[in-house]
Each structure stands twice: as structure tokens, then as C-alpha cells.
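Undergrad: Have a look at the structure that comes next, please.
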Amino acid sequence: MSTDLLQLQSYLPRYDLEISRLKRTLCILSVTKRCINQCSLFHKSSLAPIRRLPVEILGIVFEEACTLPTFGVNSPVTLPTTISSVCFHWRNICLSTPSIW
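Its first residue numbered 1, the sequence shown is counted upward by one per residue in full-length UniProt numbering.
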């Protein structure tokens, strides 16, 4: 019986090593998955239909949106400021379209 116990206990360090190895592998896989997910989101957003609109069309859309009545809403943030805060591309369009300001 004592030899059986010793033999069983001799397996424990091997299992501990294997568990440690698997934890490291899991950590690496989790980091890799996160990177792939971020990359996927970046590519997905670059394929959005709004990205295919020419700058001139977006400029016209922004002009039209900024000429709509606000119906008495007093906000310290103007619509052109809000639109230009969406992304770098939209900011450049807003800054190059003086008629919306």
C-alpha cells in the first residue's frame, strides 16, 4: 500500500508541470486571440459602406445636416463639432468644409 501511495505521489510533479505548460499556452492563445480580434475589427470598419462615399458627398451630407433646424435645443456642443469628433476622416472633411461652421 505504501508503494502505491509513493507511486501515485510521484505522478503529481509531472501533472503540475503539464498544468503550468498548459496555462502558459492558454495565456499565449488568449493574447493572440485578442490581437486577431482587434485586427478583425479594424478591417471590418474599413469595409463599412460609409467609407466608400466620396469626400464631396460626405461634405454635402454634413452641410445639409448642419443646416437643419435645432428646434430650440441649446447645446454647448454644435453639430459640426459632434460630426468632426466621429473620426479623423470626418474631422478632415469638416475642417475642409467651411460652410458647415
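Glycine included, C-beta positions come from ideal geometry on N, C-alpha and C. Just so you know, these numbers come straight off a predicted model, no measurement behind them.
(1) Are Thr-97 and Phe-62 closer than 8 Å when you measure CB to CB?
(2) Measure the alpha-carbon distance for Glu-18 versus Leu-41 and round it to whole angstroms.
(3) How many angstroms separate the CA atom of Cys-35 from the CA atom of Lys-44?
(4) Rounded to whole angstroms, what's the CA-CA distance from Cys-87 to Pro-69? Just pull it up for me.
(5) So, helix, strand or coil for residue 112, using DSSP?
(6) Give me the residue from Lys-23, Asn-92, Gln-9 and Leu-5 with the minimum Cα distance to Gly-59.
TA: Put simply:
(1) yes
(2) 34 Å
(3) 14 Å
(4) 24 Å
(5) Nothing about residue 112 can be reported from this structure: the residues present for the chain run from 1 to 101 only.
(6) Asn-92
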